[in-house]
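Structure, rendered in structure tokens:
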């Protein structure tokens, strides 16, 4: 008799067991850092060191920026078709590296392989969008005869070198919200991935090297806070795109402002998911799983507060707990695993401390993920789905960003009350979702709720590359958002009034 | 025979199961082609094996490259075990010469792909469409096999 385990493939192989001490990519060459400050890069499923990441020195950051400045002179003057050609080639090369990048993402971050593949697919969509941008959104405007014998035109000019600072949770995708567009419009880039998850970007940079993107156009440095500051304050950098937590986003936005730099800073979140009594509960529960537990809750579009409106509370809670308790934890390279570990030991401890805080605050713990184990990975940073009921909006667990697989269930009587809570009880405004079969409810929700990304019968309202990644209040700093708004971000406008 | 006590899948694990099924079918047609004494059937089976081999490659590509990550819901409420039973039983018996055995297998394969295609449509539209097409291909093979015995 054939058991399912025999049909299933074994755990997918890792691309490498160990990646050594990571290098930086500057002036088109891989260079070893002179820094003595090294940090281990972990596989969070195994609590195993898989690389060492050096924190770049100030001189090394300076050199990377110089490289981007020098390259900008020729890159910005290159015909748009040539630049777009490089971006096309990058897309093809990333397609070749698709599985490697995905498996490395799972190995370094912990997310399950399907999530990692989804991230890589989306990364490549952003590169495709970059190709399109070169020929479409980067175009100028022209109007004949604005006055007698006078014409007026607008052209866009690339601004210069940009710093792109990535988060740990989407280590390859988030920097690629910006990189392809920067390159397509003629800017150059110094990218600094998270020091916790630097490996996927290392692999993407290898792809860039192989397609022959001219030296200095795309540079990679490693490090943490000091490197961020060195980049943002460097005179050669014209702007900074950042994705990460709200406190760091605020500080980078402030620092960029002080130094006259443009900044897009996408920050943290505390997302509400509202379930109406008329919702299709079966469909809703399925959608709540990736919303609350996708990426092990470590995404700025994760559901965090589940708001039950009216009499749906009892059935919703029962079904949500039942579905959550069945999730299988483990190493994400095992295709059957549904929930990977948290990214670090520190993250695991932090999330566990929030669970304790919820108990101390008087919320009712319905499902405790702290003791849930992953078979064969006892050292990994796992924490299973955790659900609190009887949560009130003033509790810490309802207000603060936990960034883990923890759901807080709140109960209100009406939709208006739910919207009032979302708008009034949190300073975040990244995402809000509603599950309903009533169009009027959906319309009222999308019109009144103060959040940048709205889901209607969707648990993760993630914009595609050709829409901006929005965000309100403390979830976003700046006026131009990621992805499609980046054409404005990376260019200056020049208006030419002509009479002959 | 397959025993699937709790039918719970991720996108990849489900696709792996489908790929495994298609690969077995490919091997079965190859064996049948070599074993039969009827040259027409041998040629037909060889053609099927070739086309199924291309389907395996398409499924492998779909498994890896087409996921809409934000829609990765746990996949439940599938009843694949009862469909896998005739497929596995037919293949394990090795009754390569019997068209009727192949018809039984194809009937189950078609239903299997149809059921899974509907489940996967929101996670990966391409995969949903691919499995729908493979279900139709299986139907077509069934009808041609049926004609060959009548």
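Chains as they are written, first to last, in my numbering: chain S, 11 to 510; chain P, 176 to 325.
Note that the Cβ used here is the ideal one computed from N, Cα and C, for glycine as well.
Identify which residue in the options has its Cα closest to the Cα of residue i.
i, options, result
"residue 145/S", "98/S, 478/S, 435/S", "98/S"
"residue 196/S", "238/S, 230/S, 141/S", "141/S"
"residue 53/S", "116/S, 148/S, 77/S", "116/S"
"residue 420/S", "310/S, 403/S, 443/S", "403/S"
"residue 324/S", "296/S, 314/S, 400/S, 259/S", "400/S"
"residue 282/P", "292/P, 295/P, 258/P, 273/P", "258/P"
"residue 70/S", "343/S, 43/S, 466/S", "43/S"
"residue 378/S", "408/S, 346/S, 414/S", "414/S"
"residue 397/S", "383/S, 390/S, 386/S, 373/S", "373/S"
"residue 241/P", "250/P, 215/P, 295/P", "295/P"
"residue 45/S", "39/S, 149/S, 352/S, 233/S", "233/S"
"residue 20/S", "455/S, 507/S, 343/S, 335/S", "343/S"
"residue 324/P", "308/P, 275/P, 290/P", "275/P"
"residue 91/S", "284/S, 143/S, 31/S", "143/S"
"residue 251/S", "438/S, 275/S, 474/S", "275/S"
"residue 238/P", "112/S, 77/S, 88/S, 58/S", "112/S"
"residue 193/S", "202/S, 206/S, 218/S, 179/S", "218/S"
Can a CB atom of chain S be found closer than 8 Å to the CB of residue i?
i, result
"residue 285/P", "no"
"residue 276/P", "no"
"residue 319/P", "no"
"residue 183/P", "yes"
"residue 227/P", "no"
"residue 220/P", "no"
"residue 261/P", "no"
"residue 308/P", "no"
"residue 291/P", "no"
"residue 249/P", "yes"
"residue 193/P", "no"
Span of the beta strand (DSSP E) holding residue i?
i, result
"residue 25/S", "Element bounds for residue 25/S: n/a, residue is neither H nor E."
"residue 84/S", "No beta strand (DSSP E) holds residue 84/S; the alpha helix (DSSP H) holding it covers 68-85."
"residue 314/S", "313-319"
"residue 418/S", "416-422"
"residue 465/S", "463-466"
"residue 293/S", "Premise fails: residue 293/S lies in the alpha helix (DSSP H), 291-303, not in any beta strand (DSSP E)."
"residue 502/S", "501-509"
"residue 275/S", "272-276"
"residue 10/S", "It is not possible to answer for residue 10/S, since the shown part of chain S is limited to 11 through 510."
"residue 39/S", "39-41"
"residue 35/S", "34-36"
State the start and end residues of the unbroken alpha helix (DSSP H) segment that holds residue i.
i, result
"residue 191/P", "186-210"
"residue 309/P", "300-324"
"residue 327/S", "323-335"
For chain P, find out if any of its Cβ atoms is closer than 8 Å to the Cβ of residue i; answer yes or no.
i, result
"residue 493/S", "no"
"residue 348/S", "yes"
"residue 15/S", "Bear in mind that a pLDDT of 42 at residue 15/S, under 50, signals an unreliable position, so the model cannot answer this."
"residue 124/S", "yes"
"residue 304/S", "yes"
"residue 405/S", "no"
"residue 296/S", "yes"
"residue 470/S", "yes"
"residue 325/S", "no"
"residue 271/S", "no"
"residue 127/S", "yes"
"residue 88/S", "no"
"residue 299/S", "yes"
"residue 132/S", "yes"
"residue 477/S", "no"
"residue 367/S", "no"
"residue 33/S", "no"
"residue 12/S", "Only weak support is given to the placement of residue 12/S: the predicted model assigns it a pLDDT of 39, under 50, and the value that follows is read from those uncertain coordinates. Judged by the 8 Å Cβ criterion, residue 12/S is in contact with chain P."
"residue 108/S", "yes"
Problem set entry | Segments of 3+ residues assigned as beta strand (DSSP E) that fall wholly inside the region 102-170 of chain S | 151-157, 160-168, all fully within the region 102-170 of chain S.
Exercise. Can you list, in chain order, the stretches of the beta strand (DSSP E) that have 3 or more residues and sit fully within the region 183-267 of chain S?
Worked result: Correct list: 198-202, 228-230, 249-253.
For this session: Report the residue ranges of all alpha helix (DSSP H) runs contained in full by the region 218-275 of chain P; include only those spanning at least 4 residues, in chain order.
Result: You should have 256-268.
Problem set entry | Contiguous beta strand (DSSP E) assignments of at least 3 residues, all confined to the region 367-413 of chain S | For the region 367-413 of chain S, whole beta strand (DSSP E) runs of length 3 or above, ordered along the chain, are 374-377, 396-399.
Exercise. Does the region 311-330 of chain S come close enough to the region 74-87 of chain S to have 3 or more Cβ pairs within less than 8 Å?
Worked result: Judged by Cβ distances under 8 Å, the region 311-330 of chain S makes no contact with the region 74-87 of chain S, as fewer than three pairs qualify.
Exercise. Counting pairs of beta carbons, one from the region 381-389 of chain S and one from the region 359-372 of chain S, are three or more of them closer than 8 Å?
Worked result: Segments in contact, no.
Problem set entry | Every unbroken alpha helix (DSSP H) inside the region 426-492 of chain S [4 residues or more] | 449-458, all fully within the region 426-492 of chain S.
Problem set entry | Touch test, the region 491-504 of chain S against the region 181-198 of chain P, Cβ-Cβ under 8 Å, three pairs minimum | Of all C-beta pairs linking the region 491-504 of chain S to the region 181-198 of chain P, fewer than three are shorter than 8 Å, placing the two stretches out of contact.
For this session: Report yes or no: do the region 117-124 of chain S and the region 227-242 of chain S share at least 3 C-beta pairs separated by less than 8 Å?
Result: Verdict: no, contact absent.
Exercise. Would you call the region 479-492 of chain S and the region 451-468 of chain S in contact, with 3 or more CB pairs under 8 Å?
Worked result: Yes, the region 479-492 of chain S touches the region 451-468 of chain S.
Exercise. Should the region 294-310 of chain S be regarded as contacting the region 432-447 of chain S, the criterion being three or more beta carbon pairs within less than 8 Å?
Worked result: Yes: the two stretches touch, three or more of their Cβ pairs being nearer than 8 Å.
Exercise. Would you call the region 281-295 of chain S and the region 256-263 of chain S touching, i.e. three or more CB-CB distances under 8 Å?
Worked result: Taking 8 Å as the limit for Cβ pairs, the verdict is that the region 256-263 of chain S does not touch the region 281-295 of chain S.
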